[in-house]
Structure formats: C-alpha cells, structure tokens
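Residue numbers (the numbering used here), protein chains in the order written: chain A, 1 to 187; chain B, 1001 to 1293.
Okay, here's the thing in structure tokens:
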C-alpha cells in the first residue's frame, strides 16, 4: 500500500506541473485588453495583414471553397490596415502580431516555439486562412521594412519605426517578390 | 450464433472492404453515427454480453481521449468557447473531435466483427491462389489480433498458479500485468516469425498443390453479391456527386432533413445494417423451428 500512495502522490505532482502553466479565459476576458497610448516619446512600429494575393482569380480558385467569402478575405484584401502600435522594450514581431490580433479580435493560430525544431513561433493561420488553405504552397509570410527575414517571427527584435507586413502567399513567396537566394542573415 | 459468416468469403470480403471504406472516408456525422450504431448492434449479436460491456467501457476511454485531444490542438473555427493558453478552443473543433473519435471507435468495432466473421481459413481461401505469401502474411496478422486476448488470459492464469498477482497493491498488479504482456507479445512475435518457416516445410506455396475448401456458391449468394455491388455503386455515385459532403471548418454545415437526403442516408443505413438483419432473421427462424418440435 505504501507504493500505491507514493504513485498517487507522484501523479498528483505530475498533474500540477502539467496544469501550472495553463490559463483558461472566457472569450470576453481574453478580448478586453487595452493598448498602450501613443505619446510623443514612445517608440512605435507599423503592422498590416494582407491577403491581397488571394484576390487574383487564379489564386481565388485555389482557395478552399468554404473560405471563399468576404468574411475571410475582405474585398480589398486587407485583413488589418496599416496601423501604428507602441513598441515595448524587447518586443519581437510575434509579440506585436499577438497584441494587435487580440486588440482587433482577429482569429490567429500559431505553433509555439517549443513545439517545432526552429525554436521560433510559426504562424499557422490568421482570420481562418491557414497554411495549405490555397494549395500546397500557401501560407503566411512576413517582411519588415520590405525585406523578408530568413528566421522566425519570435526571433526578430524590432526597432523604432519598423514596418511589419504579414502577407499570404500561394507560391512559397514567389508571388510576393520573396527571393530565396538573396538572404544571408540566418540567425 | 454466427450466420452471417456462412456467406461466401468473397462476398464477405467485398462487403467489409466497402464498409471500412465508407467508415473511414465519409465525414458526414450521420454516416458516422449510423456506422457506429450498426457496428455495435452486430458486435452485441456475436459476443457474450459481458465481453461487450467490458469492451464498451474500455473504448469509452479511447473515445474521451481522442475527443479531448483534438480541440486542444486544432484551433480552427469561428465560434470561440474559451481561450486556453491564449489559443481559442472552438465549437467546430470540439464537434470535429467528437465525430473523429466516434469514427475511430466505429472502425475498431467493425474490425472486431471482421476478426470474428472472416476467419483465417477464409483469408487463405481468398488469397491462397492469388499470392500465397500475402495470404500467410494477412492470416498471421489476423491471428495475432484474434489470439491475443486468449493468450493473455492463459498466461495470467498460469502466473497466478505460481503465486504472482497475489498482492492487493495496484502498482504491483500493474507490474505483474506488464510482465504478462511482454511475455505474450514476445511469444506471439516468435510464433509469427516461425510461421513462414513451418508453412514452407509443409510444402505450402508450391505451384502444383491445390487447396481444399468447403466454400461453395450457394443458392442466393449471387443475389447477395449483386445487391451489395449495386448498393456500393449507388453510394459511390452519390459520393462523387458530393451528396455526403460535410464541412467542419470554419463553420459547421447545417444538417437538414428532406425526402431526398433521408433516401440517401437510408442507402447507407441499409449497407451497414445487412449483417444485423441476416443474424436476427436466422435467429428468429431457428427459434420458430425449435418451437415446433
């Protein structure tokens, strides 16, 4: 019986460790956030989310039939217009993306940095548009100041005035002027 | 009683092939529910009631595990229920997980009935002439699954007689069980490896030899075959016309019931319910004949 008690204690310990880091919030709680006010001395960045590539008729046909609606791809293709946000110290691109989608109540799904081999967060879907939603080469890419960094969103630390763009691609970036060979700055 | 198994092996095999196909490929919740209900009904007719309830309780946990795991990792869908670690748990993903879990359980129960109905001699009969190696391979696998539980019980009984399994402690019971499990798996694997050799030693697979089998085309077998083929043809045709389409993401399609739709689903229901009808009908006939004596 001693052994049994020991095992039960061990299981309880395991469960507490498992559930310690988890937080469960209701939808209203999650979305009631406030964003830092922009003052004169605060550093800021710009962010936009665009699915413009999907508006071309060829790409539109590639898109999953259930997603072919204005709800998921707006008429002008912009899920989030270019907006200015306050940059906190040490913010990465992912921090800004998460804060803005939360503030604007846009659906966003990601794979955590611990879950993949790249040690970086991978953005799987924004506004129900997922990777592979429009053919096998489709997904989300990002660029900062019109350049595609060759590493993940949560490893790019931002500077004052940076301009982030999240763009949906259907051809591994070739349709949005991404040049694979030009980048040498792997981190 | 197992009357459905008396049907010709080719018909049985085609029937199961199509049932597996429909159960795995169709996403529509009604199809999944029909499949599960008919699999359970057929299974309850084949096995003792105690074994049935033991299996049900076991697969309830499998069901719960899958149904909980899927919405944890799938965040698609529009209707957010709550946020778990900053990621939405959606109604669509919950429903999707529920039906995937039901589908897995339905497939497992169909497979259990398959192991009972299509016995090893039938598999040898079906594939023996086509490819002797394949026949031995498939029958070995089927044998592995069907003899697993019997072998487990035998081994644990013999372990009890030499004084293991006596402690009341749960942990020691689990340790005993894992020892029995490793013994059984090892012995079954050795058996599998040996089987090829001793089948060869018996002269199995030599071209000149013929097999003896008891299976003959009986009266009505041809009718059954055409019925099943026609049914599968109609269902495949309707599927190619996207009649059984159901999408879970980003919004659930609504299920409506009109005359045409219920006709389509009754086709699927007829496909799944055939073995139950055969079994019940023959049982009734048998009790009727007995009552006359």
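Quick reminder that beta carbons are idealized off the backbone N, C-alpha and C, glycines included.
Exercise. With C-beta atoms as the reference, is residue 1031/B less than 8 angstroms away from residue 1244/B?
Worked result: Locating residue 1031/B in the second chain gives position 31, counting from the first residue. Locating residue 1244/B in the second chain gives position 244, counting from the first residue. Against a cut-off of 8 angstroms, the Cβ pair of residue 1244/B and residue 1031/B comes out as a contact.
Exercise. Closer than 8 angstroms, CB to CB, is residue 1169/B near chain A or not?
Worked result: The sequence position of residue 1169/B within the second chain is 169, counting from 1. Judged by the 8 angstroms Cβ criterion, residue 1169/B is in contact with chain A.
For this session: Return the chain-ordered list of same chain residues with a C-beta closer than 7 angstroms to the C-beta of residue 1003/B, the five sequence neighbours on each side being excluded.
Result: Reading the second chain from its first residue, position 3 is the one you call residue 1003/B. So the qualifying residues of the chain are 1278, 1279, 1282.
Exercise. Considering only the beta carbon of each residue, do residue 107/A and residue 1071/B sit closer than 8 angstroms?
Worked result: Taking the first chain and counting its residues from 1, the one referred to as residue 107/A is at position 107. Taking the second chain and counting its residues from 1, the one referred to as residue 1071/B is at position 71. It is not a contact, given that the beta carbons lie outside the stated cut-off.
Exercise. Is any beta-carbon of chain B found at less than 8 angstroms from that of residue 75/A?
Worked result: As a position in the first chain, residue 75/A is number 75, starting the count at 1. No, residue 75/A lies away from the interface with chain B (no Cβ there is under 8 angstroms from its Cβ).
For this session: Anything in chain B within Cβ reach of residue 27/A, meaning under 9 angstroms, just list it in chain order.
Result: Within the first chain, the letter at position 27 stands for residue 27/A. 1080, 1081, 1082, 1083, 1088, listed in chain order.
For this session: Give a yes or no on whether the C-beta atoms belonging to residue 1033/B and residue 1063/B are separated by under 8 angstroms.
Result: Residue 1033/B sits at position 33 when you count from the first residue of the second chain. Residue 1063/B sits at position 63 when you count from the first residue of the second chain. No, the pair does not count as a contact, with Cβ atoms beyond the cut-off.
Problem set entry | Per-residue DSSP class, three states only, for residue 128/A | Working through the first chain from its first residue, we reach residue 128/A at position 128. If DSSP states are grouped into helix, strand and coil, residue 128/A belongs with coil.
Exercise. For chain B, is any of its Cβ atoms less than 8 angstroms away from the one on residue 130/A?
Worked result: By 1-based counting over the first chain, the position of residue 130/A is 130. Yes, contact with chain B.
For this session: Pull up the DSSP beta-bridge partners for residue 133/A, would you.
Result: For the purposes of this step, residue 133/A is taken as the residue at position 133 of the first chain. Beta-bridge pairing links residue 133/A to 135/A.
For this session: Report yes or no: do three or more beta-carbon pairs, one from the segment 31-47 of chain A and one from the segment 81-88 of chain A, lie closer than 8 angstroms?
Result: yes
For this session: Verify the contact flag: residue 1118/B, CB atom, against every heavy atom of the ligand ADP, threshold strictly below 7 angstroms.
Result: With respect to small molecules bound, the structure shown includes none, and the ligand ADP cannot be examined in it.
Exercise. Apart from the five residues just before and just after residue 1029/B, which ones in its own chain have a Cβ nearer than 6 angstroms to its Cβ?
Worked result: Position 29 of the second chain holds residue 1029/B. So the list reads 1099, once near-sequence residues are dropped.
Problem set entry | Own chain, CB closer than 8 angstroms to residue 1250/B, minus 5 neighbours either side, in chain order | Taking the second chain and counting its residues from 1, the one referred to as residue 1250/B is at position 250. The answer, listed in chain order, is 1076, 1077, 1078, 1092.
Problem set entry | Contact list for residue 91/A against chain B, beta-carbon separation under 7 angstroms | As a position in the first chain, residue 91/A is number 91, starting the count at 1. Within 7 angstroms Cβ-Cβ: nothing; residue 91/A doesn't reach chain B, min ~16 angstroms.
Problem set entry | Partners in chain A for residue 1075/B, counting only beta-carbon separations shorter than 7 angstroms | For the purposes of this step, residue 1075/B is taken as residue 75 along the second chain, with counting starting at 1. The contacting residues are 109.
For this session: Mind checking who residue 50/A pairs with in its DSSP beta bridge?
Result: By one-based count along the first chain, residue 50/A stands at place 50. Per DSSP, 78/A, 167/A.
Exercise. In chain order, what residues of the same chain have a beta carbon less than 8 angstroms from the beta carbon of residue 1113/B, not counting five sequence neighbours either side?
Worked result: Here residue 1113/B corresponds to residue number 113 of the second chain, with the count starting at 1. Cβ neighbours of residue 1113/B beyond the five flanking positions: 1039, 1042, 1043, 1046, 1275.
Problem set entry | Given residue 1304/B as reference, the closest of 1013/B, 1090/B, 1128/B once Cα atoms are compared | What is shown of chain B runs 1001 to 1293, which leaves residue 1304/B out entirely.
Exercise. Is it true that the CB of residue 169/A sits closer than 8 angstroms to the CB of residue 125/A?
Worked result: As a first step, residue 125/A must be located in the first chain, where it is residue number 125. As a first step, residue 169/A must be located in the first chain, where it is residue number 169. Contact flag unset, no.
For this session: Would you kindly work out how many angstroms separate the C-alpha atoms of residue 1035/B and residue 1026/B, rounded to a whole number?
Result: Working through the second chain from its first residue, we reach residue 1035/B at position 35. Working through the second chain from its first residue, we reach residue 1026/B at position 26. Approximately 10 angstroms between the Cα atoms of the pair.
For this session: Consider the Cβ of residue 67/A: report whether some Cβ of chain B lies at a distance smaller than 8 angstroms.
Result: For the purposes of this step, residue 67/A is taken as the residue at position 67 of the first chain. It does; some Cβ of chain B falls within 8 angstroms.
Exercise. Taking contact to mean at least 3 C-beta pairs separated by less than 8 angstroms, is the segment 58-74 of chain A in contact with the segment 1247-1266 of chain B?
Worked result: yes
Exercise. Which whole-angstrom value is the C-beta distance of residue 188/A and residue 163/A, which I expect to be below 8 angstroms?
Worked result: Since the first and last residues shown for chain A are 1 and 187, residue 188/A lies out of range.
Exercise. How big is the Cα-Cα spacing for residue 1216/B and residue 1007/B?
Worked result: Translated into positions along the second chain, residue 1216/B becomes position 216. Translated into positions along the second chain, residue 1007/B becomes position 7. Cα to Cα, the separation comes out at about 9 angstroms.
Exercise. Is the distance from the Cβ of residue 1094/B to the Cβ of residue 1005/B below 8 angstroms?
Worked result: As a working mapping, residue 1094/B is identified with position 94 in the second chain. As a working mapping, residue 1005/B is identified with position 5 in the second chain. Contact: no.
Exercise. Using a C-beta cutoff of 8 angstroms, does residue 3/A count as contacting chain B?
Worked result: Position 3 of the first chain, counted from the start, is the residue given in the question as residue 3/A. True, the Cβ-Cβ gap to chain B drops below 8 angstroms.
For this session: Can you have a look at residue 1122/B and say buried or exposed, based on whether 16 or more other CB atoms are within 10 angstroms of its CB?
Result: Taking the first residue of the second chain as position 1, residue 1122/B is located at position 122. Its Cβ being crowded by 16 or more others within 10 Å, residue 1122/B is buried.
For this session: Identify which residue in 1205/B, 1285/B, 1037/B, 1148/B has its Cα closest to the Cα of residue 1124/B.
Result: The residue given as residue 1124/B occupies position 124 in the second chain. Ranking the options by Cα distance to residue 1124/B, first place goes to 1205/B.
Exercise. Does residue 16/A come within less than 8 angstroms of chain B when only Cβ atoms are used?
Worked result: As a working note, residue 16/A is residue 16 in the first chain. So no, residue 16/A is outside the interface.
Exercise. Name the chain B residues that come within less than 8 angstroms of residue 12/A, Cβ to Cβ?
Worked result: Indexing the first chain from 1 puts residue 12/A at position 12. By Cβ distance, chain B contributes nothing, its closest Cβ being about 15 angstroms from residue 12/A, past 8 angstroms.
Exercise. Taking the alpha-carbon positions, what's the residue 1255/B to residue 1262/B distance?
Worked result: Counting from one through the second chain, the residue named residue 1255/B turns up at place 255. Counting from one through the second chain, the residue named residue 1262/B turns up at place 262. Approximately 11 angstroms, taken between the alpha carbons.
Problem set entry | Residues near residue 1287/B in its chain [Cβ-Cβ closer than 8 angstroms; skip 5 each side] | In the second chain, counting from the first residue as 1, residue 1287/B sits at position 287. Same-chain partners within the cutoff: there are none.
Exercise. Which residues in the same chain as residue 1232/B place their Cβ atom closer than 7 angstroms to its Cβ, once the five residues preceding and following it in sequence are excluded?
Worked result: Here residue 1232/B corresponds to residue number 232 of the second chain, with the count starting at 1. Contacts found: 1018.
For this session: Output yes or no for whether 8 angstroms exceeds the beta carbon distance between residue 113/A and residue 154/A.
Result: In the first chain, residue 113/A corresponds to position 113, counting from 1. In the first chain, residue 154/A corresponds to position 154, counting from 1. Yes.
Exercise. Leaving out the 5 sequence neighbours to the left and right, which residues in its chain are closer than 8 angstroms to residue 1105/B when beta-carbon positions are compared?
Worked result: As a first step, residue 1105/B must be located in the second chain, where it is residue number 105. Closer than 8 angstroms at Cβ, skipping near neighbours: 1036, 1059, 1062, 1063.
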